[in-house]
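Asker:
Protein chains: 2
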Amino acid sequence: MKKLSIRDIGRELGVSITTVSFILNGKAKEKRISEALTKKVLDFVEKVNYTPNVMAQALRTGKSKLICLMVEDISNNFFFSQVARLIEEKAHSNGYRVIFCSTDNDKTKTKELIKLFRDRLIDGYIITPPEGIEKEIVRLLDDNIPVILADRNLPGLRCSSVMVDNYESSFNATQHLINQGFENISYFSIESNQPQMADRLRGYESAMANANRQPLVKNLDYYAPAEKNIEQISDYIQQNPQIDAIFFATNYICNWGLEVLRKLKYKIPDRVGLVSYDDTNLFKLYNPSITAVAQPIEQISENILRLMLDTLHGKYEAKEVHEVVVPARLLVRESSIRQVVPA
Amino acid sequence: MKKLSIRDIGRELGVSITTVSFILNGKAKEKRISEALTKKVLDFVEKVNYTPNVMAQALRTGKSKLICLMVEDISNNFFFSQVARLIEEKAHSNGYRVIFCSTDNDKTKTKELIKLFRDRLIDGYIITPPEGIEKEIVRLLDDNIPVILADRNLPGLRCSSVMVDNYESSFNATQHLINQGFENISYFSIESNQPQMADRLRGYESAMANANRQPLVKNLDYYAPAEKNIEQISDYIQQNPQIDAIFFATNYICNWGLEVLRKLKYKIPDRVGLVSYDDTNLFKLYNPSITAVAQPIEQISENILRLMLDTLHGKYEAKEVHEVVVPARLLVRESSIRQVVPA
DNA sequence: TTACAATGCTAAATCGTTTTATTGTTAATT
DNA sequence: AATTAACAATAAAACGATTTAGCATTGTAA
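Residue numbers (full-length UniProt numbering), protein chains in the order written: chain A, 1 to 343; chain B, 1 to 343.
Okay, structure coming up:
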């Protein structure tokens, strides 16, 4: 019951393996194989349930049919694991397998991972890039290996990407808080040069400026231990008691913030209104439920994979830059709704 | 700047590729290659940063160095994605890559996936098995392809597994509610023959019987839409108003339950006490925080990979059954603490 | 009748390894 | 001096596909 090879089916049918290969690869017409023989081979292959040896194909063609998905953290359900899942499904139905790994937003780790995969093992990369891996990406593109950046891009790097409109969605979320009558809206984000974070900040600042409000911005350290950041948030909130609403720039910052507000026994939304960037499936269950900017996960996944497959199939050069921007949705929930509308 | 092959380094050094291969595979001694030559080759390989072509190796040896991790749902952060992440890391540092996929607890989908991977593409499988794939697993084991079941096993299937002690942890969780003075503790689970679910139920029932309490069990349908199950839970709770505590047998059931309790405006833990199986990183943030049975994710991952690697390295036969049971921890939080101790 | 193209198919090289079988040396034993 | 043993290294055959170049055969035009 061992696997049969193309040679076996050739022998069985009294046909050369060349012919079988041509037929199997849909080159029957092109190579002028007769219809009768084509059908015969196809039928037999179907009957004995033959599947080609992927490794032999890979060795010969130099293509592994493997896509690597490098996200910040697979175990961060809030966005990446859902994208991962959808990508995997779609890739699969197109004959590609997906290998996942976490970058931890660590530039060294990511570089190592790319190097490791580089032995032509991987046909294409989908990456949520940490800062500092521009050179590695350029090198991949130079070798015509497609790279699609997801969720964010890198300043100065010419590379295809699929992202949400961070500026606009952040502006809208802030505007929503303003419309609800919140006065002193603070913004918690992380120290970062990532363009998507800069855009979110700009969105917040524009909305605040439009409304003649002072921005209240506090940046945290992604790489610091959670307790440290929780303390920072706590301190900032207590030092600025006028704060009556908070916009968290990511879901994990929101989680830190929720812990703080819990400890301080601040009622939401009575004492502070809340909006978070990135929805999670528990925000709607939280008590009160949390208003969030939701990234359209399906749309993002779809665009990423379409770009990837089109490039793999030679429709585009890897170096050709395609930037897709999709709109985000503001899911208004209890945490940002003023009970009493101010006069 | 193309990749160099073993042939290139042989030519460069005036040595046969056989010799190079032996040295690279650590067979220098065994094959009586002189130390001098061994060092020379090793140094050169180091210098030019040669790495073997994985596909050629795979083709020749029939081993892909790929492990497949099939979990119920990668995007279910609450347990699987964390395990996935740890497994990936550990596998990676042992020279293996991991391919992930979701079974959706669907037997047909899982069978198809296994079949798809079967062309000797995958060296080993880690599976949280849906019921009904016993034959496929036996076939893998017969071909000496290691399979490790995670989180649960299948009745009557002789296969290695790593699991939590479901009976004991469920017993303890129930006992905890009893100790807190809750009287009518109900249990929500899903319709299933999975042994781990049966064990959880037995744990609940034993604890209840010990305390002379009537069990209140409601089973839901995993495959039904969430709204349906939410309705079922709601109906059951309203039809049994005596219920003053609930034990949810999984985290997703707990999520459904939380939605119900929210809608019914039941105060937790005043109106009903709550415990859930499977911790999530938001349970501690929920208001009130939710008591949960936490699976020791690191320990589980470690055991799984150790078993897998040992089997891959030939320390065990694939068919040899190793069953690892690790203890779970009860994380007591606000949702199960009686404010007023009853007389 | 010869030349040439179209048709239908195949031999053999190749991808980069691993591994089996083998060949030359040199040293030791009879 | 002839045989054997140990040592060092290698040639060549896989693994299972893809692909280039080419071989017969038949039909058509000159």
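Heads up, the beta-carbon is just placed ideally off N, CA and C, and yes, glycines get one too.
Which word fits residue 286 of chain A, buried or exposed, when buried means at least 16 other C-beta atoms lie within 10 angstroms of its C-beta?
Answerer: Buried: at least 16 other Cβ atoms inside 10 Å.
Asker: Indicate the three-state DSSP secondary structure (helix, strand or coil) for residue 277 of chain A in the structure shown.
Answerer: Strand.
Asker: So within the segment 192 to 279 of chain B, which uninterrupted beta strand (DSSP E) runs reach at least 3 residues, ignoring any that extend past its ends?
Answerer: Whole beta strand (DSSP E) segments, 3+ residues: 216 to 220, 245 to 248 and 273 to 277.
Asker: Within 10 angstroms of its Cβ, does residue 223 of chain B collect 16 or more other Cβ (buried), or is it exposed?
Answerer: Exposed.
Asker: Less than 8 angstroms between CB atoms is the rule here; does residue 87 of chain A satisfy it with respect to chain B?
Answerer: No, its Cβ sits nowhere closer than 8 angstroms to a Cβ of chain B.
Asker: Under three-state DSSP, which class holds residue 401 of chain B?
Answerer: Since the first residue of chain B shown is 1 and the last is 343, residue 401 of chain B is not available in this structure.
Asker: Within 8 angstroms, do at least three Cβ pairs link the segment 221 to 241 of chain A to the segment 150 to 163 of chain A?
Answerer: Verdict: no, contact absent.
Asker: When you compare the CB of residue 21 of chain B with every CB in chain A, is at least one pair closer than 8 angstroms?
Answerer: Answer no: the Cβ-Cβ gap between residue 21 of chain B and chain A never drops below 8 angstroms.
Asker: Do residue 67 of chain B and residue 126 of chain B count as a contact pair if the criterion is CB distance below 8 angstroms?
Answerer: Contact: yes.
Asker: Looking at C-alpha atoms only, which residue of A:213, A:308, A:91 and A:249 is the closest neighbour of residue 345 of chain A?
Answerer: The requested residue 345 of chain A is not part of the displayed model; chain A covers only 1 to 343.
Asker: The alpha helix (DSSP H) with residue 84 of chain A in it runs from where to where?
Answerer: Run containing residue 84 of chain A: 82 to 92, per the alpha helix (DSSP H) assignment.
Asker: With a threshold of 8 angstroms between beta-carbons, can residue 343 of chain A be considered close to chain B, or not?
Answerer: In this prediction, residue 343 of chain A has a pLDDT of 48, which is less than 50 and means its spatial position is unreliable; what the coordinates show is noted afterwards. Chain B contact via Cβ: absent.
Asker: Mind checking if residue 59 of chain B is an interface residue toward chain A, Cβ cutoff 8 angstroms exclusive?
Answerer: Yes, residue 59 of chain B lies at the interface with chain A (some Cβ there is under 8 angstroms from its Cβ).
Asker: Taking 7 angstroms as the limit between beta carbons, can you name the residues of its chain near residue 305 of chain B, skipping five residues before and five after?
Answerer: Here the set comprises 87, 90 and 91.
Asker: Hey, how far is the Cα of residue 17 of chain B from the Cα of residue 7 of chain B?
Answerer: For residue 17 of chain B and residue 7 of chain B, the distance between alpha carbons rounds to 6 angstroms.
Asker: Taking only beta-carbon atoms, is residue 67 of chain B less than 8 angstroms away from chain A?
Answerer: No - not a single Cβ of chain A is within 8 angstroms of the one on residue 67 of chain B.
Asker: What in chain A is Cβ-close to residue 262 of chain B, meaning under 9 angstroms?
Answerer: By Cβ distance, chain A contributes 285, 287 and 289.
Asker: Please name the residue, chosen from A:123, A:330, A:45 and A:281, that lies closest to residue 96 of chain A on a Cα-to-Cα basis.
Answerer: It is A:123.
Asker: Could you name the residues of chain A that residue 226 of chain B contacts, counting a contact when the two beta carbons are closer than 9 angstroms?
Answerer: Those within 9 angstroms of residue 226 of chain B in chain A number zero; the least Cβ separation is about 11 angstroms.
Asker: Could you spell out where the beta strand (DSSP E) holding residue 125 of chain B opens and where it closes?
Answerer: Counting along the chain, the beta strand (DSSP E) containing residue 125 of chain B begins and ends at 124 to 127.
Asker: Do residue 246 of chain A and residue 264 of chain A count as a contact pair if the criterion is CB distance below 8 angstroms?
Answerer: Against a cut-off of 8 angstroms, the Cβ pair of residue 246 of chain A and residue 264 of chain A comes out as no contact.
Asker: Report the residue ranges of all alpha helix (DSSP H) runs contained in full by the segment 125 to 189 of chain B; include only those spanning at least 4 residues, in chain order.
Answerer: Runs found: 134 to 142 and 166 to 179.
Asker: Where does residue 343 of chain B fall in DSSP's three states?
Answerer: Confidence in residue 343 of chain B is poor, its pLDDT being 48 and thus under 50, which makes the residue's placement too unreliable to answer from.
Asker: Which residues in chain B sit within 7 angstroms of residue 97 of chain A, going by Cβ to Cβ distance?
Answerer: Here the neighbours are 99.
Asker: So, is residue 343 of chain A buried or exposed, given that buried needs 16 or more other C-beta atoms within 10 angstroms?
Answerer: Because residue 343 of chain A carries a pLDDT of 48, less than 50, the predicted location of this residue cannot be relied on, and the following value inherits that uncertainty. Exposed, by the Cβ-count rule.
Asker: Please work out which residues of its chain come closer than 7 angstroms, Cβ to Cβ, to residue 10 of chain A, disregarding the five sequence neighbours upstream and downstream, and give them in chain order.
Answerer: The answer, listed in chain order, is 16, 17 and 20.
Asker: Does the beta-carbon of residue 105 of chain A have 16 or more other beta-carbons within 10 angstroms, so that it is buried, or is it exposed?
Answerer: By the 10 Å Cβ count, residue 105 of chain A comes out buried.
Asker: Check each residue of the segment 271 to 284 of chain B: if its Cβ is closer than 9 angstroms to any Cβ of chain A, include it; give the result in chain order.
Answerer: The segment 271 to 284 of chain B vs chain A, Cβ under 9 angstroms: 280, 281, 282, 283 and 284.
Asker: Thinking C-beta only, is residue 219 of chain B closer than 8 angstroms to residue 190 of chain B?
Answerer: Yes. Within cutoff.
Asker: Taking CB distances under 8 angstroms as the criterion, tell me whether residue 229 of chain B reaches chain A.
Answerer: With 8 angstroms as the cut-off, residue 229 of chain B does not count as an interface residue toward chain A.
Asker: Alpha carbon to alpha carbon, how far is residue 61 of chain A from residue 344 of chain A? Give it in angstroms, no decimals.
Answerer: For chain A, the structure presents residues 1 to 343; residue 344 of chain A sits outside this window and is missing.
Asker: Mind checking residue 273 of chain B: buried by the 16 CB within 10 Å criterion, or exposed?
Answerer: Residue 273 of chain B should be labelled buried.
Asker: Excluding five sequence neighbours on each side, which residues of the same chain lie with their C-beta closer than 8 angstroms to the C-beta of residue 41 of chain A?
Answerer: Around residue 41 of chain A: 9, 13, 15, 19, 20, 23 and 24.
Asker: Who are the near neighbours of residue 102 of chain B in its chain, counting only those whose CB is closer than 6 angstroms to its CB and skipping five residues on each side?
Answerer: Closer than 6 angstroms at Cβ, skipping near neighbours: 73 and 74.
Asker: Just the C-alpha distance for residue 141 of chain A and residue 35 of chain A, rounded to the nearest angstrom, thanks.
Answerer: Spanning the two alpha carbons is a distance of roughly 41 angstroms.
Asker: Name the residues in the segment 148 to 164 of chain B whose C-beta lies less than 9 angstroms from a C-beta of chain A; which are they?
Answerer: Listed by position, the residues of the segment 148 to 164 of chain B near chain A (Cβ gap below 9 angstroms) amount to none.
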